[in-house]
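Q: Protein chains in written order, with our numbering: chain A, 46 to 176; chain B, 289 to 484.
1) Enumerate in chain order the residues of its own chain whose CB-to-CB distance from residue 465 of chain B is below 6 angstroms, with the five nearest sequence positions on each side excluded.
2) Does the beta carbon of residue 223 of chain A come closer than 8 angstroms to any beta carbon on chain B?
3) Should the stretch 134 to 147 of chain A be regarded as contacting the stretch 438 to 456 of chain B, the criterion being three or more beta carbon pairs within less than 8 angstroms?
4) 8 angstroms is my cut-off, CB to CB: does residue 154 of chain A come that close to chain B?
5) What does a CB cutoff of less than 8 angstroms around residue 171 of chain A pick up in its chain, not counting 5 residues either side in sequence?
6) Can you find the residues in the same chain that come closer than 6 angstroms, C-beta to C-beta, to residue 151 of chain A, ignoring five residues on each side of it along the sequence?
7) Compare the C-alpha of residue 176 of chain A against each of B:425, B:452 and B:390 and name the closest.
8) Please classify residue 316 of chain B: does DSSP put it in a helix, a strand, or coil?
9) DSSP on residue 259 of chain B, reduced to helix/strand/coil?
10) What does residue 64 of chain A reach in chain B if we use C-beta pairs closer than 8 angstroms?
11) By Cβ distance, which residues of its chain are closer than 7 angstroms to residue 168 of chain A, with the 5 residues on each side in sequence left out?
12) Count the other C-beta atoms from every protein chain shown that fall within 10 angstroms of the C-beta of residue 161 of chain A, then say buried if there are 16 or more, exposed otherwise.
13) Let me know if residue 113 of chain A comes out buried or exposed under the rule of 16 or more other beta-carbons within 10 Å of its beta-carbon.
14) Tell me the residue span of the beta strand (DSSP E) that contains residue 110 of chain A.
15) Which residue from A:138, A:149, A:86 and A:70 puts its Cα closest to that of residue 460 of chain B?
16) Whole angstroms are fine: how far does the CA of residue 354 of chain B sit from the CA of residue 337 of chain B?
17) Do we get a CB-CB distance below 8 angstroms when we pair residue 157 of chain A with the residues of chain B?
18) If you drop the 5 nearest sequence neighbours on each side, which residues of the same chain put their C-beta closer than 6 angstroms to that of residue 177 of chain A?
19) Determine the extent of the beta strand (DSSP E) in which residue 151 of chain A is found, giving its start and end residues.
20) Bridge partners for residue 161 of chain A per DSSP, in chain order?
21) Determine, using beta carbons only, whether residue 482 of chain B comes closer than 8 angstroms to chain A.
22) Can you tell me whether residue 401 of chain B is helix, strand or coil according to DSSP?
23) Taking Cβ-Cβ distances shorter than 7 angstroms, what residues in chain A pair up with residue 452 of chain B?
24) Can you tell me which residues form a DSSP beta bridge with residue 1 of chain A?
25) Could you tell me the alpha carbon to alpha carbon distance between residue 407 of chain B and residue 382 of chain B, rounded to whole angstroms?
26) Assign residue 481 of chain B to buried or exposed, taking buried as 16 or more other Cβ atoms, counted over all protein chains shown, within 10 Å of its Cβ.
27) Using the rule of at least 16 other Cβ atoms within 10 Å of the residue's Cβ for burial, across every protein chain shown, is residue 116 of chain A buried or exposed?
28) Can you check whether the C-beta of residue 457 of chain B is within less than 8 angstroms of a C-beta belonging to chain A?
29) May I ask which residues mark the beginning and end of the beta strand (DSSP E) holding residue 340 of chain B?
30) Grab the span of the beta strand (DSSP E) containing residue 144 of chain A for me, first residue to last.
31) For residue 438 of chain B, which of helix, strand or coil comes out of DSSP?
32) Could you list which residues in chain A have their beta carbon closer than 8 angstroms to that of residue 414 of chain B, in chain order?
33) So is residue 159 of chain A buried or exposed if we call it buried at 16+ other beta carbons inside 10 Å?
34) Would the beta-carbon of residue 105 of chain A fall within 8 angstroms of that of residue 56 of chain A?
35) Mind checking whether residue 96 of chain A and residue 64 of chain A have CB atoms under 8 angstroms apart?
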């Protein structure tokens with residue numbers, strides 16, 4: 046059972062490596078991998094596809110900065126954030142706005158697993174934790 | 289029996305003596321006395337012989353056994369006295385030894401009692417010290433527990449107050465902040481995030 050999961054994970058990683066070109070995710074390679082899988086389905090194709098999708102989603106998330114905000118946020122601010130994150134991660138990072146009223150005011154930026162926050166609710170939470 | 293024989297013989301002897309007296313009249317005062325008191329030598333000799341035989345017989349068959357018995361009794365009495373003396377000496381010796389042993393036993397008993405008292409006193413003091421230490425430890429633990437409880441209560445109260453303050457602040461800010469305020473705050477936040 047464990048070895049089966051390990052094999053699925055290894056196969057998905059191999060497909061994922063084939064989908065990367067010059068350190069970036071290639072849409073053409075992803076389409077090619079999916080076509081190959083459609084023509085030559087491996088054992089347990091659904092599990093392999095799910096693992097592959099998880100890896101692709103993680104890689105896509107690395108190139109996308111989700112900017113949660115409470116209140117209006119200007120396009121210039123989003124562009125500045127995208128530029129700053131691209132410079133930080135040395136790859137193109139796009140910014141996508143997502144309303145989040147729970148922040149009260151301010152921004153929370155997610156890039157992959159990294160989170161950057163400057164919001165009223167975050168400061169109040171930090172204050173609560175320090176007390 | 290012998291006496292009877294001697295008594296029968298005596299008249300003839302007396303007759304013989306009378307003849308002698310008659311033949312020797314005038315021989316003096318002794319002769320007169322012997323004659324007057326009727327003392328006959330043969331008769332006296334026979335009486336003496338009879339008495340001697342009686343004495344010998346009595347000595348052999350009566351006095352000697354009695355003396356032997358008396359000697360045996362005396363020896364027994366002497367032995368008894370000696371045994372009694374030895375017994376008395378032994379008794380005295382035993383009593384002395386018993387007195388010594390009793391004295392030693394008394395001394396040993398006194399020593400044991402003293403040691404027991406000393407041990408009891410030490411034990412009592414040790415137990416008292418232990419009880420005092422335990423009581424002090426219990427009191428200290430109770431103080432510590434009270435302090436911890438008090439501290440915990442204060443921390444809980446402070447946390448609860450902070451939670452209430454923050455919740456209230458969040459509600460107030462959520463109601464009172466305008467879009468302009470939020471936009472301004474967001475611009476500042478964007479500058480902060482891009483400058484990191």
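For each residue, glycine too, the CB sits at the ideal point set by N, CA and C. Predicted model, so just to flag it, every value in this text is computed and none were measured.
A: Once the coordinates are examined:
1) No residues qualify anywhere along the chain.
2) The first residue shown for chain A is 46 and the last is 176, placing residue 223 of chain A beyond what the model contains.
3) Cβ pair count under 8 angstroms is below three, so no.
4) Yes - at least one Cβ of chain B is within 8 angstroms of the one on residue 154 of chain A.
5) There are no such residues.
6) 163, 164 and 165.
7) The shortest Cα separation from residue 176 of chain A among B:425, B:452 and B:390 belongs to B:452.
8) Here residue 316 of chain B sits in coil by DSSP.
9) Nothing in the structure corresponds to residue 259 of chain B, since chain B is present only between 289 and 484.
10) Against chain B, a Cβ distance below 8 angstroms from residue 64 of chain A picks out nothing, because the smallest value is about 30 angstroms.
11) None.
12) Residue burial is scored here from C-beta neighbours: residue 161 of chain A has at least 16 other C-beta atoms within 10 angstroms and is therefore classed as buried.
13) Buried: at least 16 other Cβ atoms inside 10 Å.
14) Judged by DSSP secondary structure, residue 110 of chain A falls within the beta strand (DSSP E) whose first and last residues are 109 to 115.
15) Among A:138, A:149, A:86 and A:70, the Cα nearest to that of residue 460 of chain B belongs to A:149.
16) Spanning the two alpha carbons is a distance of roughly 24 angstroms.
17) It does not; no Cβ of chain B falls within 8 angstroms.
18) With chain A covering only 46 through 176, there is no way to say anything about residue 177 of chain A.
19) Element bounds for residue 151 of chain A: 151 to 156.
20) Residue pairing for residue 161 of chain A: DSSP places it in a beta bridge opposite A:154.
21) Interface residue, yes.
22) Three-state DSSP puts residue 401 of chain B in a helix.
23) In chain order: nothing, as chain A lies at least about 10 angstroms away.
24) As shown, chain A starts at 46 and ends at 176. That puts residue 1 of chain A outside it, with no answer to give.
25) Answer to the nearest angstrom: the Cα atoms are 36 angstroms apart.
26) Here residue 481 of chain B is buried, its C-beta having at least 16 other C-beta atoms within 10 Å.
27) Taking all protein chains in view, the Cβ of residue 116 of chain A is crowded by 16 or more other Cβ atoms within 10 Å, so the residue is classified as buried.
28) Yes, because at least one Cβ of chain A sits closer than 8 angstroms to the Cβ of residue 457 of chain B.
29) No beta strand (DSSP E) contains residue 340 of chain B, which is instead part of the alpha helix (DSSP H) from 329 to 346.
30) Note, residue 144 of chain A: beta strand (DSSP E), 139 to 144.
31) Residue 438 of chain B: helix per DSSP, three-state reduction.
32) By Cβ distance, chain A contributes nothing, its closest Cβ being about 51 angstroms from residue 414 of chain B, past 8 angstroms.
33) Exposed, since its Cβ has fewer than 16 Cβ neighbours within 10 Å.
34) Judged by their CB atoms, residue 105 of chain A and residue 56 of chain A are not nearer to each other than the 8 angstroms cut-off.
35) For residue 96 of chain A and residue 64 of chain A, no; Cβs fall outside 8 angstroms.
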